[in-house]
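Asker: The following block contains the structure, expressed as C-alpha cells.
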Amino acid sequence: MERKRRKLAAQYDAERAANGGGVAQVSSIFDGVTIYVNGYTTPSAMTLRRYMLQHGGRYEFQLHRSSVTHIIATTLPDAKIKFGPASDVIVHPQWIVDSIAAGKQLAVERYLLFANAYKSMAGQQSLAESLGLATAAGESLAIAPELDRRTTAGDALTRRAAGAAGAADVEQAHPDLDGLGMRRSKDEPIDPGLARLTTLGGGDFVQKFYSNSRLHFISTSRMASQEFLRKALAERYSTSQPLAREAGARQVIFHVDMDCFFASVALRDRPHLANAPVVVAHALNGSVESKSDIACASYAARARGISNGMFMGAARRKVPDLVVVPYEFDKYAAVSKALYRVFVAFSDKVQAVSVDEAYLDMTGLGQPAELASEMRAQIHELSGCTASIGAGPNMLLARIATSLAKPDGFRFLSHEHATFEIDALPLRKLPGVGYKTVRKLAKAGITSCAECRAQPRARLQALLGGSVGAKLYDTVRGLDSGTVTLPGPRKSIGTEISWGVRFTDATGAEQFVRELAGEVGRRAVEAAMVGATLTLKIKQRHPDAPAEASKFLGHGKVNSFSRSTTLAPPSSDAVALADAALTLYRGLGFEATTVRGVGIALTRLSEVESERRPALQPAAIDSQTTLSAEWHPPAVTGVGGRGAEGTVELPTFSQLDPSVIAELPAETRRELEIVYRRRLAERKRDAGRGTLTQMARPTLPSRPASAAKTKPAPMVIVLDGASGSDDDDFVSPPPQTRGSSDEGSGRDDGVDPEFLAALPSQLRREVEADLKRTSPRKSGRCDGGRKRQRGGAPSLSQIFHPSQAEGGRAARRRHLLSG
DNA sequence: ATCCTCCCCTAC
DNA sequence: TAAGGTAGGGGAGGAT
Ligand SMILES: Nc1ccn([C@H]2C[C@H](O)[C@@H](COP(=O)(O)OP(=O)(O)OP(=O)(O)O)O2)c(=O)n1
Ligand SMILES: [Mg+2]
Ligand SMILES: [Mg+2]
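Just so you know, UniProt numbering puts the end of the first sequence at 819, numbered straight through with nothing missing.
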C-alpha cells in the first residue's frame, strides 16, 4: 500500500518535472499539432503534454480556438454530443499513443470520439427514401454502406447492419478502417486502473455498488418503511381498538417530510457546519469537472442555487466553498425508523412515500396545528433532525402545503387558498408534473398553473394522455380524491445496475446477468413471492456515444431494450431466473462490450406461504386425472428451489387433448388457458423479431426502447407439435422459424435493433413506417406454408372454447397429438 | 372490450 | 474521477 503510494507520488513528480523543466524533443511526429486536453484522460493530461513536447507538438492549457488543432478527451459531456460544433476535432488520446508507437502521425479518423452521422442530412426530405431504406430488409441492408459513408467516424453498429452486405463494401467505403476496428477501439479503452471499479473488477462489484448507491438505498428503504407500517399497523389493529376520531370531522391529511434529509443528518452531527453550504455526495473533493451526483443540499447551499440531483461540478462552479460530506446510510436508516415510529404513534392510517416522508390521515384527531407541532417536536427529539408538515383537506393540498412550510415549519392549505398558492408555483412543482410534462405543455403554449387551469380537460388529455391530463386538470384546481392507504401487495421485484457496467466478453456479461438474477431471486424469497414473468432490461451504448460516458463509469447515452418471458412454474429460484434471463439476453444478440446496464425484474407475482409451492397448484390439475399421464417429466430448470415434488411442467399445447381439457373445471380451464395464451404470444413475438434461442443466430432482434414501435411477427406460429420435443422449451421459437430453407436466404426479416437504434429518431420512425407499409405482416405466407401439417391442429381458442369454435371437433380428437 | 408486451414518465 | 435504483401508473399497438 505504502509502496504503491510512493510509486504514484514518484510518477507524479516525474510528470511535473517533465512539465516544468525542458522536455527534449525527439521527433516531429506531431508537427503542427496543438492539443487541448478535456477532462480526465488516460494517459493523464500531463503525460500527454510531455508526449507532445517530445514529439514536436504543442500543448495548450486552454481551449484557444485559433491555435488548438485537436481536442483530446476520453469522454464527452452529453451536451457536446448533442450540440457540439461539427468543426471540433475531438480525439481519443490513444491516437497520440498509437502515433508515437507507429513513429508517424496516424490519421485521426478512427480515433474521433463521435460521429455527427446525420448532421449533413438534416435538410433532406424523405430520409428513409433517400437512403433507400423503405422496402424490404434485404434492401435496407444493401444501403448500409451508403449510410456508413455519411458517418464521420463510421460507427460499428451501423456497420454491423452492413455486415450482410459484405465487409468488402465497408472496406471500400472506408479504406482506412478495418471492419469492426472502430467499434473495438470505441469500447476497449477502459484501463486496468479503472476496470477494478467496474463489473470487470471482481466478485464484490454488485455488493459494493449497492452499499454505495443512494438511489438503491432510498428505494429499498421505501419498501422497508412500507413493511414496517404493514406490520405496525396490523399489530395495532389486532391488539387495540381503532383510534378514536371525532365523528363527522372534516378530512385532514398530513404530509410529513424531513428537511433536506441527508444533509440534516450530517449537520446534526457536525454543528459547526450549520450555516455552511453543505452537500452530500461521493466526491468529497470534487472539482468543477466532477459528475458526481449531489444527493442532498442543505438549505444554506440551496440559498446559493444548489439542489438535489445536481452534479458536483455544476455546484462547485456556483459555490466554490461548497462543503461536501459523505453518505451515512446507517444514520439515515435510524432516523427514518424513528420518524416512522412517530407516524404510527399519531395515526393508524399512514402511507409511506419514502425514507423521509409519509402521508397521515389525521381526520378527527385534533387541531392540526397542535398535532403538527407535537409531531414535529417528537421527530426532532427522537432524531435530532427537523421535519416540516403540510396539512390540508386532501393529499394534494397537504403535499403542496409541505413545500410552503419548508424548512422546519407547518402550513395548512385549505381549498380556499389553494388556487392562489398553486398559481404561485411553477408547473414543475406540481406533483406528477415532471420534466417531460412541462415540455409538452410548453410546446403547447402552456407555461403556468393558471394557464393550465384555463384549458379544457380534453385539451390537457390530448396533450398528455387521458389519465395524466385528467389528473393535471384536477391538480391545478387543488382537487384530489386519493385516500391514505398502504399500497397492496407488490407487483414487481426488480434490480438494475447501470453504473460501472463494462464487459470485455460474453462470459463476463452472462455471469453478471446470472448474478442479478440471483439478487432478484433472493429478494423474491425474502418477500415470499414467486413471479410468473421475468423481464430483462439492457442498456446498450448508443451508437453515436463515445465509449466512455461523461459521467465517470456511467452509462452515457444509451438505447434500452426489454424482453420478457414466462416462468413456468412461477419461480423465485436463482437458477431458474438465471436461465430465463440468459436466454433473453442471448436472444438480444448484443456485443457484450456495448452493454452499459442490466436489469432483471419479476412480475405477475404471487405469494407463497411456505416458500415451497408454486402459484399454479399441481393438485388442481392432478386431480383431473388423464392429463398427468401424458406429462413430460418436470423440467429441471423450471422447478426452482422448491424441489420437484410440488411442481408441474405443463405439456406442450399441441399435446393437450381437447376432450380432456373440456372436462376440466371451469376455473382450472381458465387458468390453463391464460398460461397457453401467454406462451403463444411469446412465440409469436420471438419469431417476429427473428430471435433464436439456442442455436446460431444469423439475425437480430428489434428496436430499442427509445425507438418507435416496430412491426411484429412476419409469421403466425402454429403450435402443432410437428417437431416433437424441442417445443417443450416454450421460450424458444417453434422449429419452423429456424434454419429452414423456406425463405431462400435462411434469415427472416427481423431488423437489427442496433441498426434501428443507430438512426435518429425521426428517420427511424420513417423507416419503421415504411417497413410496415411495404412488408405487411407476411402472416399469410407461413400460414399457408407450414402449418397444419398433420391434418390441422386445433387453435388455442378452439381448445379452450370449443363451443365458440368447433364444438364437435374436440370430441373427435381423443388423444394427445404427440409426445 | 380486454389482454399482452414494451415502453415512457414520475417520484424519492 | 464514482457508486445513474426501483416501483407503479399509464399508453400504444397488436392479438384475441
Ligand atoms: N435526486 C435525489 C433526490 C433525493 N435524494 C435523497 C436525498 C434526500 O435528502 C432524500 C429525501 O428527498 P427529498 O425530496 O425529501 O428532499 P430533501 O429531504 O433533501 O429536501 P426537502 O427539505 O426539500 O424535503 O432523498 C437523492 O438522493 N437524490
Ligand atoms: Mg425531505
Ligand atoms: Mg421526501
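The beta carbon of each residue, even a glycine, is placed where N, CA and C say it ideally should be.
Kindly identify the DSSP beta-bridge partner or partners of Met529.
Answerer: Glu607
Asker: Just to check, is the beta-carbon of Phe261 closer than 7 angstroms to a non-hydrogen atom of ligand 2?
Answerer: With a cutoff of 7 angstroms, Phe261 counts as near ligand 2, since its C-beta is closer than that to a heavy atom of the ligand.
Asker: For Asn212, report the span of its alpha helix (DSSP H) as first-last.
Answerer: Phe205 to Asn212
Asker: Using a Cβ-Cβ cutoff of less than 8 angstroms, which residues in the same chain neighbour Asp191 once the five nearest sequence positions on both sides are dropped?
Answerer: Thr42
Asker: Just mark Asp726 as buried or exposed, buried being the case when its beta carbon has 16 or more other beta carbons within 10 Å.
Answerer: Annotation note: pLDDT 18 at Asp726 (below 50); position unreliable, coordinate value reported separately. It counts as exposed.
Asker: Rounded to whole angstroms, what's the CA-CA distance from Phe346 to Met312? Just pull it up for me.
Answerer: Going from the Cα of Phe346 to the Cα of Met312 covers about 39 angstroms.
Asker: Helix, strand or coil for Gln540, going by three-state DSSP, please let me know.
Answerer: strand
Asker: Ligand 4 and Asp257: does the residue's C-beta get closer than 7 angstroms to at least one heavy atom of that ligand?
Answerer: Absence of ligand 4 is noted for the structure shown, with ligand 1, ligand 2 and ligand 3 being the only ligands found.
Asker: Residue ranges of each beta strand (DSSP E) run of no fewer than 3 residues wholly in the region 221-250, ordered along the chain?
Answerer: none
Asker: Tell me the rounded alpha-carbon separation between Val335 and Ala581.
Answerer: 37 angstroms
Asker: Judging by CA-CA distance, which residue of Gly32, Ala549, Arg541 and Leu233 is the nearest neighbour of Val558?
Answerer: Arg541
Asker: Is there at least one non-hydrogen atom of ligand 3 closer than 7 angstroms to the beta-carbon of Glu374?
Answerer: no
Asker: With a threshold of 7 angstroms (Cβ to nearest heavy atom), would Asp356 be considered close to ligand 2?
Answerer: yes
Asker: On the CB-based measure, 16 or more other CB atoms within 10 Å of its CB, does Gln94 come out buried or exposed?
Answerer: buried
Asker: Which stretch, first to last residue, makes up the alpha helix (DSSP H) that contains Phe329?
Answerer: Phe329 to Phe346
Asker: Under the assumption that Thr386 contacts Asp356 (Cβ atoms under 8 angstroms), give the Cβ distance between them as a whole number of angstroms.
Answerer: Their Cβ separation, rounded to whole angstroms, is 11 angstroms, which puts Thr386 and Asp356 out of contact at 8 angstroms.
Asker: Looking at residue 882 and ligand 1, is the gap between the Cβ and the nearest heavy atom below 7 angstroms?
Answerer: Not covered by the structure: residue 882. The range shown for the chain is 1 to 819.
Asker: Work out the CA separation of Phe209 and Ala45 for me, nearest whole Å.
Answerer: 29 angstroms
Asker: Inspect the beta-carbon positions of Gly500 and Thr74 and report whether they are closer than 8 angstroms.
Answerer: no
Asker: Thr475 by DSSP, collapsed to three states: which one?
Answerer: helix
Asker: Is the separation between the beta-carbon of Arg250 and that of Pro368 shorter than 8 angstroms?
Answerer: no
Asker: Using a threshold of 7 angstroms, is the CB atom of Ile306 nearer than that to any non-hydrogen atom of ligand 1?
Answerer: no
Asker: With a 10 Å radius around its C-beta and 16 neighbouring C-beta atoms as the bar for buried, classify Asp544 as buried or exposed.
Answerer: Buried.
Asker: Around the C-beta of Pro426, are 16 or more other C-beta atoms found within 10 angstroms, so that it is buried, or is it exposed?
Answerer: exposed
Asker: Under a Cβ-count criterion, where at least 16 other Cβ atoms within 10 Å of its own Cβ denotes burial, should Lys539 be classed as buried or exposed?
Answerer: Per the 10 Å Cβ criterion, buried.
Asker: Check Glu289 in the structure and name its three-state DSSP category.
Answerer: coil
Asker: Under 7 angstroms from any heavy atom of ligand 1, does the C-beta of Pro407 make it?
Answerer: Checking the Cβ of Pro407 against ligand 1 gives yes.
Asker: Just checking, does the region 525-532 make contact with the region 237-252 on the three C-beta pairs under 8 angstroms criterion?
Answerer: no
Asker: At a threshold of 7 angstroms, does Arg214 count as lining ligand 1 (C-beta to nearest heavy atom)?
Answerer: Yes.
Asker: Relative to the alpha-carbon of Asp321, which residue among His55, Leu371, Val595 and Ala276 has its alpha-carbon at the smallest distance?
Answerer: Ala276
Asker: Indicate whether Leu486 and Gln226 have their beta-carbon atoms separated by less than 8 angstroms.
Answerer: yes
Asker: Using three-state DSSP, classify His255 as helix, strand or coil.
Answerer: strand
Asker: Can you give the beta carbon distance from Ala574 to Ala517, rounded, assuming they're within the 8 angstroms contact cut?
Answerer: 6 angstroms
Asker: Please say whether Met362 and Phe254 have beta carbons closer to each other than 8 angstroms?
Answerer: yes
Asker: Grouping DSSP H, G and I as helix and E and B as strand, with all else coil, what is Ala619?
Answerer: Interpretation of Ala619 is limited by its pLDDT of 30, a score under 50 that renders its predicted location unreliable; the figure taken from the coordinates is listed afterwards. Three-state result, Ala619: helix.
Asker: How big is the Cα-Cα spacing for Ala377 and Pro271?
Answerer: 19 angstroms
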